[in-house]
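Heads up, the sequence shown is in this note's numbering, so the first residue is 102 and it goes up one at a time.
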Amino acid sequence: MMRVLDRYRLTILPFSLPFTRPQKFKFGPFNFFTQRRFKKPVISARTRLEDRVRDPKLDKLVTSIKKLRTIFNLLELMLQRKRGPFVSVQLMSRWRNIVGLNIAIGGFIKKYPHVFELFTHPIRRNLCCRIRQKVRVLMREEENAVKECELEAVYRVKKLLMMSVSGTVRLHALRLIRTELGLPLDFRDSILAKYSGDFRLIGLEVVGLVCRDENLGVAQVETWREKEYREKWLSEFETKHAFPINFPTGFKIEAGVRDKLKNWQRLPYLKPYERKEVVRVRTCGGMERFKKRAVGILHELLSLTVEKMVEVDRLAHFRRDFAMEVNVRELLLEHPGIFYISTKGNLQMVFLREAYCKGYLIEPNPIYVVRRKMLDLVLQGCRSTGEFVTEKEVKEASDSLVCRTDGEGTRDGDWVIPIVESL
102 MMRVLDRYRL TILPFSLPFT RPQKFKFGPF NFFTQRRFKK PVISARTRLE
152 DRVRDPKLDK LVTSIKKLRT IFNLLELMLQ RKRGPFVSVQ LMSRWRNIVG
202 LNIAIGGFIK KYPHVFELFT HPIRRNLCCR IRQKVRVLMR EEENAVKECE
252 LEAVYRVKKL LMMSVSGTVR LHALRLIRTE LGLPLDFRDS ILAKYSGDFR
302 LIGLEVVGLV CRDENLGVAQ VETWREKEYR EKWLSEFETK HAFPINFPTG
352 FKIEAGVRDK LKNWQRLPYL KPYERKEVVR VRTCGGMERF KKRAVGILHE
402 LLSLTVEKMV EVDRLAHFRR DFAMEVNVRE LLLEHPGIFY ISTKGNLQMV
452 FLREAYCKGY LIEPNPIYVV RRKMLDLVLQ GCRSTGEFVT EKEVKEASDS
502 LVCRTDGEGT RDGDWVIPIV ESL
């Protein structure tokens with residue numbers, strides 16, 4: 102009897118206890134007809150980001166922009182030094198973690214001889230670095246272009262404030278996209294305080310709009326719709342609420358997507374500058390209209406930038422002011438024909454697809470032209486370095502190689518003198 106109880110305790114008792122973790126039973130004759138359940142694949146912003154169709158031209162542009170930003174961070178640190186127009190390479194090696202470099206600072210400088218110039222200090226005899234004159238000229242050209250386009254920058258800020266629900270925007274959000282909007286470094290004093298008839302400062306970190314200008318309340322997409330209506334003779338029903346769609350090369354349109362996109366293009370929505378009605382999410386089609394309003398705001402925000410691109414993380418700072426209570430990254434990925442997100446260089450940059458063609462802006466502006474010159478200078482790398490040898494340097498080199506005498510000309514062995522002096 103005791104043996105039977107022991108067998109019962111060893112076989113039945115473990116299964117009667119609560120399981121601390123899910124146990125897997127082997128497939129056998131007793132569970133042959135057991136139904137197996139498979140997890141449904143989750144479609145989220147992360148999966149859409151991994152499965153999206155890539156645009157190699159824009160990805161290559163983002164990689165180049167990452168290099169240019171690193172160079173600009175180095176230039177900014179070099180210009181902050183007031184001891185002279187140069188910095189020792191030993192000191193620059195301490196800035197490696199600040200600018201986010203994974204290689205030695207000396208190797209990075211040698212990659213871009215058109216930007217940095219290495220030389221030996223005449224007294225201390227240590228290796229130093231300075232900015233080339235061509236780069237300084239381009240930096241001054243960008244500053245002049247920003248000053249010349251000051252009124253356009255004022256219009257951009259006014260349009261941003263007009264899109265805001267309360268007519269106010271935090272200065273922190275404007276600082277994050279200052280370069281994209283073409284604003285100067287001290288825009289709080291040089292623009293917001295200067296044009297006090299258009300802007301008013303609420304406290305220290307909020308800027309508001311004094312009065313709305315209805316002439317500026319026309320979105321960029323509405324201009325495109327009018328052009329499509331006149332030139333292509335499309336019906337007003339098709340173009341009244343449509344957006345330009347440019348799918349990337351290799352994008353496969355699945356079954357039913359074309360009809361769904363056609364219905365979405367016809368769906369009415371609250372435009373970015375309109376304040377006539379309130380979109381109710383719980384009504385019939387309210388969520389789709391609410392998302393389309395957010396798409397219109399993001400489209401207009403990217404249209405206001407100089408290069409028609411912004412970092413995705415910086416768009417989240419405008420959600421509260423523009424009343425966009427949606428996942429911005431997921432919304433951008435849902436519309437690959439309007440926006441494109443690139444993840445090259447550890448940056449998530451969103452582009453306005455209609456504004457670019459083969460990696461170049463279709464309608465350039467003065468600020469973009471100067472920045473593109475700087476980018477082309479960086480992309481040259483170590484090519485075309487022969488132009489650094491000027492006529493003066495050639496003359497100095499020839500004078501050091503030739504020994505001048507009183508009309509007797511050159512002598513044999515004079516070319517050895519510079520080599521011996523360098524030892």
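Even for Gly, the Cβ is constructed at its ideal location relative to N, Cα and C.
So, does the region 241-256 touch the region 352-368, judging by three or more C-beta pairs under 8 Å? The region 241-256 vs the region 352-368: no contact.
CA nearest to the CA of Phe543, picked from Arg195, Leu202, Gln234, Glu151: Because the chain in this structure spans residues 102 to 524, residue 543 falls outside the shown range and cannot be described.
What is the residue span of the beta strand (DSSP E) that Glu218 lies within? Here residue 218 refers to the residue found at position 117 of the sequence shown. First-last of the beta strand (DSSP E) with Glu218: 217-221.
With distances taken from CA atoms, which of Thr171, Asn227, Arg367, Pro157 is nearest Met475? To locate residue 475, count along the sequence shown from 1; it is residue 374. The shortest C-alpha to C-alpha distance from Met475 to any of Thr171, Asn227, Arg367, Pro157 is the one to Thr171.
Neighbour-count burial assignment, Gly482, 16 or more Cβ in a 10 Å radius: As a working mapping, residue 482 is identified with position 381 in the sequence shown. Classification of Gly482: exposed, given that the 10 Å Cβ count is below 16.
Using alpha carbons as the reference points, say which of Val188, Pro369, Arg313 lies closest to Glu339. Reading the sequence shown from its first residue, position 238 is the one you call residue 339. Among Val188, Pro369, Arg313, the Cα nearest to that of Glu339 belongs to Pro369.
Can you tell me which of the three DSSP states Met425 falls into? As a working note, residue 425 is residue 324 in the sequence shown. It is coil, neither helix nor strand.
Candidates Asn447, Lys295, Leu399, of which the one nearest Asn203 by Cα: The residue you call residue 203 lines up with position 102 of the sequence shown. Among Asn447, Lys295, Leu399, the Cα nearest to that of Asn203 is on Asn447.
If you follow the beta strand (DSSP E) that Glu412 is part of, which residue opens it and which one closes it? Translated into the one-based positions of the sequence shown, residue 412 becomes position 311. Per DSSP, Glu412 belongs to the beta strand (DSSP E) from 410-412.
Quick one, which of Glu327, Ala456, Glu375 has its alpha-carbon nearest Ile264's? As a position in the sequence shown, residue 264 is number 163, starting the count at 1. It should be noted that the sequence gives Met, not Ile, for residue 264. Comparing alpha carbon positions, the residue from Glu327, Ala456, Glu375 closest to Met264 is Glu375.
For the beta strand (DSSP E) that Val188 lies in, which residues bound it at each end? Start at 1 with the first residue of the sequence shown, and residue 188 comes out as number 87. Per DSSP, Val188 belongs to the beta strand (DSSP E) from 187-189.
Less than 7 Å between the C-beta atoms of Cys230 and Val188, yes or no? For this step, residue 230 is matched to residue 129 along the sequence shown. For this step, residue 188 is matched to residue 87 along the sequence shown. Val188 is positioned such that its CB atom lies closer than 7 Å to that of Cys230.
Spatial distance of Val322 from Asn466 (CA atoms): Along the sequence shown, read from residue 1 onward, the residue named residue 322 stands at position 221. Along the sequence shown, read from residue 1 onward, the residue named residue 466 stands at position 365. Those two C-alpha atoms are separated by around 19 Å.
Val80 versus Arg225 - alpha carbon distance: With the chain running from 102 to 524 in the structure shown, residue 80 is simply not present.
Touch test, the region 423-436 against the region 288-299, Cβ-Cβ under 8 Å, three pairs minimum: No, because fewer than three Cβ pairs between the region 423-436 and the region 288-299 fall closer than 8 Å, the two stretches do not touch.
Using C-beta distances below 6 Å, list every residue in its chain close to Ser443, excluding the 5 sequence neighbours before and after it, in chain order. Counting from one through the sequence shown, the residue named residue 443 turns up at place 342. Correct list, in chain order: Leu159, Asp160, Val163, Met450.
Should Gly268 and Leu261 be called a contact, given that it needs their Cβ atoms to be closer than 7 Å? As a working mapping, residue 268 is identified with position 167 in the sequence shown. As a working mapping, residue 261 is identified with position 160 in the sequence shown. One thing to note: Gly268 has its Cβ no nearer than 7 Å to the Cβ of Leu261.
Using DSSP with H/G/I as helix, E/B as strand and the rest coil, what is Tyr213? In the sequence shown, counting from the first residue as 1, residue 213 sits at position 112. In the three-state scheme derived from DSSP, where H, G and I count as helix and E and B as strand, Tyr213 is classed as coil.
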